[in-house]
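These notes concern the structure reproduced below.
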Amino acid sequence: MKSNVRVRFAPSPTGPLHIGGVRTALYNYLFAKKHNGTFVLRIEDTDQTRYVANAEKYIIDSLEWCNISFDEGPNKNERFGPYRQSERKELYKKYADTLIHSGWAYYAFDTSEELEAHRKGHEKEGKTFIYNWHNRKKGRLVNSLVLSEGEVKRKINAGENYVIRFKTPQDNILQMEDEIRGNITIDTNTLDDKILFKSDGMPTYHLANIVDDHLMEISHVIRGEEWLPSMPLHVLLYRAFGWDSPKFAHLPLILKPIGKGKLSKRDGDKLGFPVFPLAYTNEITKEVSSGYKEDGYFAESFINMLAFLGWNPGTEQEIFSLEELITSFDLKRVSKSGAKFNPDKTNWFQQQYMQTKNNTALTEVYQTILKEKGIYRDVVFIKKIISSIKERAIFISDFWGLSSFFFEAPQKYDEKASKKNWKIGTTELMNELIEVISNIQFFSSENTEKIIKEWITTKEVGFGKVMQPLRLALVGALQGPHLFDIIEIIGKEETIKRIKNAIEVL
Ligand code: GLU
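Residue numbering for the sequence shown follows the numbering used here, starting at 27 and increasing by one per position.
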């Protein structure tokens with residue numbers, strides 16, 4: 027049975043979803059699932075000037091990639107639908123009118139020129155113009171609080187532009203509760219009378235958001251810290267309507283890796299990491315932004331990393347599956363202060379998840395990549411390679427760089443390493459080594475290691491004198507996994523061939 031916990035992720039489709047938005051969706055999802063509740067997706071597209079056509083699809087695709095599935099949303103269990111605010115626009119005017127009738131809102135006819143003049147006038151005196159009780163009192167503003175009823179009617183009937191503003195109560199100390207920040211107190215005299223309904227016949231974010239949260243029976247509003255300044259208005263709106271307010275939880279900001287302030291796309295561009303879950307093409311400029319998915323991150327590591335940006339389980343455990351996150355998540359363990367984004371930590375999570383991947387599945391993926399390169403090798407061979415390189419791989423795309431020498435003999439040898447390690451006497455040693463290798467019967471990693479090391483010991487030369495040139499001959503550089511694993515995987519014949527080639531070239 028579902029509980030009464032109902033949360034929502036309410037993005038505005040104004041562009042690609044930033045990772046901060048994904049984290050908000052994730053925390054809402056975790057909270058809903060933990061409490062056996064419902065996770066709703068609502069598209070807040072009332073601001074037509076900022077609407078971007080492909081953004082909604084982008085948001086839905088991103089959530090899908092992250093495995094954050096919503097229970098209700100556009101075209102899905104539309105119990106309280108529609109879930110796109112633009113499709114609900116007829117509904118909001120009625121609520122704005124209710125507030126007019128109860129005296130919680132008023133018509134304002136001030137033109138943008140008039141408002142600009144007020145702003146400039148205040149600026150000249152070193153003040154900031156706020157459309158609120160203070161200026162209302164002065165009688166300079168053109169609204170239904172100062173005009174006669176007849177005058178207001180005449181203006182509306184004449185088709186004059188108007189907006190509906192919230193009448194913020196005066197001299198009121200508002201006490202509010204945030205699930206993360208605790209008690210918050212604000213003097214209502216510092217607030218402005220926000221527009222609830224615009225001259226274009228559309229509600230503003232504030233009105234639509236409150237009306238919808240109420241109608242959709244939202245129990246907890248979990249959203250980014252940037253919405254904290256809106257909380258007093260929202261709490262007052264619930265009071266004005268006579269509705270129960272949901273609980274609020276404002277999540278900490280995600281901060282730049284270096285310096286101060288909120289993480290932005292520019293930080294990602296500068297330091298070379300994506301700030302979007304999926305790659306995104308701007309419809310107008312055609313600019314392409316990178317995404318975690320396309321950059322090769324696993325959805326699980328991306329989600330695990332995001333979960334830790336502002337929350338911690340209170341234990342040492344860092345690797346959490348989505349299921350484990352659901353069990354452990356608690357708003358009480360979400361921090362108040364901003365979370366610094368750390369791209370290295372993202373890669374650490376990715377590498378950890380790589381280690382948990384099944385070798386058979388990775389073999390299959392790598393076999394396809396190899397086929398695209400025209401390399402056809404059997405599964406057993408590829409699987410051996412996967413187990414020897416996996417530890418050092420962060421991305422699937424690292425596989426080739428870490429293992430190309432298994433498939434092709436070195437074309438060239440690292441110059442510096444050759445100079446340093448291929449010395450007088452090396453060729454003779456290598457020739458002798460070929461003899462030793464030819465005589466090995468059982469060509470396993472352990473056995474070749476034992477025999478070659480014994481031979482080195484009896485020769486009384488340093489291990490490096492043999493091992494380094496041998497690695498150069500097999501890999502072309504002083505890199506790669508355990509040398510004897512390489513020998514086993516490529517086999518006796520290929521090992522000898524490569525040593526002979528190195529003797530010839532170096
Ligand atoms: N539409 C708002 C946004 O884009 C929603 C804020 C909220 O969750 O109340 O983030």
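Each residue gets a CB set at the ideal place from its N, CA and C atoms; glycine is no exception.
(request) Enumerate in chain order the residues of its own chain whose CB-to-CB distance from Ala-435 is below 6 Å, with the five nearest sequence positions on each side excluded. (result) Excluding positions up to five away in sequence, the list reads Arg-524.
(request) Compute every distance between the C-beta of Pro-278 and the non-hydrogen atoms of the ligand GLU, then say whether any falls below 8 Å. (result) no
(request) Name the residue from Asn-209, Thr-307 and Gly-227 whose alpha carbon lies nearest to the alpha carbon of Ala-275. (result) Asn-209
(message) Just verifying my parser: in three-state terms, what is the DSSP assignment at Phe-328?
(response) helix
(message) Rounding to the nearest angstrom, what Cα-Cα distance links Gly-285 and Phe-334 in this structure?
(response) Rounded to whole angstroms, Gly-285 to Phe-334 spans 20 Å at the Cα level.
(request) Sort out for me which residues DSSP pairs Arg-32 with in a bridge. (result) Thr-64
(request) Could you tell me if Arg-105 is buried or exposed, where buried requires 16 or more neighbouring beta carbons within 10 angstroms of its beta carbon? (result) Arg-105 comes out exposed.
(request) State the Cα-Cα distance for the pair Asn-373 and Ile-420, rounded to the nearest angstrom. (result) 7 Å
(request) Determine the DSSP secondary structure at Pro-229, reduced to helix, strand or coil. (result) In this structure, Pro-229 counts as strand in the three-state DSSP scheme.
(request) Kindly give me the distance between the Cβ atoms of Ala-81 and Gly-41, rounded to whole angstroms, as I take these residues to be in contact under 8 Å. (result) 6 Å
(message) Please classify Phe-489 as buried or exposed, where buried requires at least 16 other C-beta atoms within 10 Å of its C-beta.
(response) exposed
(request) Could you check the C-alpha separation between Ile-85 and Leu-532 for me, to the nearest Å? (result) Ile-85 and Leu-532: Cα-Cα distance of roughly 56 Å.
(request) Look at the Cβ atom of Phe-367, then the Cβ atom of Glu-344, and state whether they are nearer than 9 Å. (result) no
(request) Give the range of the alpha helix (DSSP H) segment to which Phe-432 is assigned. (result) For Phe-432, the uninterrupted alpha helix (DSSP H) segment begins and ends at 425–433.
(request) Grab the span of the alpha helix (DSSP H) containing Thr-372 for me, first residue to last. (result) Counted as a single uninterrupted DSSP element, the alpha helix (DSSP H) harbouring Thr-372 occupies residues 369–382.
(request) Please find out if some non-hydrogen atom of the ligand GLU comes closer than 8 Å to the beta-carbon of Ala-36. (result) Flag set: Cβ of Ala-36 near the ligand GLU.
(message) Quick check on DSSP: helix, strand or coil for Gln-111?
(response) In the displayed model, Gln-111 falls within a helix according to three-state DSSP.
(request) Tell me whether His-127 sits in a helix, a strand or coil according to DSSP, three-state version. (result) helix
(message) Give me, in chain order, the residues of the same chain whose beta-carbon lies closer than 6 Å to that of Arg-207; leave out the 5 immediate sequence neighbours on both sides.
(response) Result list for Arg-207: Lys-362, in chain order.
(request) Would you mind working out which of Lys-150, Ser-470, Ile-221 and Asp-87 sits nearest Phe-302, comparing C-alpha positions? (result) Asp-87
(request) Out of Tyr-231, Leu-498 and Gly-517, state which residue places its alpha-carbon closest to the alpha-carbon of Gln-467. (result) Gly-517
(message) Quick check on Gln-74: buried or exposed, where buried means 16 or more other Cβ atoms within 10 Å of its Cβ?
(response) Flag for Gln-74 reads exposed.
(request) Compare the C-alpha of Leu-89 against each of Pro-108, Lys-115, Gly-47 and Ile-126 and name the closest. (result) Per the Cα distances, Gly-47.
(message) Can you tell me where the beta strand (DSSP E) holding Ala-528 begins and where it ends?
(response) Ala-528 -> not in any beta strand (DSSP E); alpha helix (DSSP H) instead, spanning 518–531.
(message) Quick check on the DSSP output: what are the complete beta strand (DSSP E) runs of length 3 or more inside the stretch 130–169, in order along the chain?
(response) 131–134
(message) Taking only three categories from DSSP, how would you classify Gln-4?
(response) No answer is possible for residue 4: the residues shown for the chain start at 27 and end at 532.
(request) Between the Cα of Gly-347 and those of Gln-378, Lys-526 and Asn-54, spot the shortest distance and give me the residue it belongs to. (result) Rather than Gly, the amino acid found at residue 347 in this sequence is Ser. When each option's Cα is compared against that of Ser-347, the closest is Gln-378.
(request) Under the assumption that Lys-193 contacts Gly-129 (Cβ atoms under 8 Å), give the Cβ distance between them as a whole number of angstroms. (result) 7 Å
(message) For Glu-454 and Ile-422, I'd like the C-alpha separation in whole angstroms.
(response) 40 Å
(message) Threshold first: 4 residues or longer. Then list the alpha helix (DSSP H) segments lying entirely within the stretch 421–502, N to C.
(response) 425–433, 441–447, 452–464, 471–485 and 489–501
(request) Say yes only if the C-beta of Val-360 is nearer than 8 Å to one or more non-hydrogen atoms of the ligand GLU, and no if none qualify. (result) no
(request) Give every residue of the same chain whose Cβ lies closer than 6 Å to the Cβ of Thr-307, excluding the five residues on either side of it in the sequence, and list them in chain order. (result) Val-314
(request) Could you check which residue in Leu-222, Arg-497, Leu-357 and Leu-388 has the C-alpha nearest to that of Asn-338? (result) Leu-357
(request) Give me the Cα-Cα distance between Gly-340 and Ser-327, rounded to the nearest whole angstrom. (result) 19 Å
(request) Taking all protein chains shown into account, decide if Leu-241 is buried (16 or more other Cβ within 10 angstroms of its Cβ) or exposed. (result) exposed
(request) Mark Tyr-109 as exposed unless 16 or more other C-beta atoms lie within 10 angstroms of its C-beta, in which case mark it buried. (result) buried
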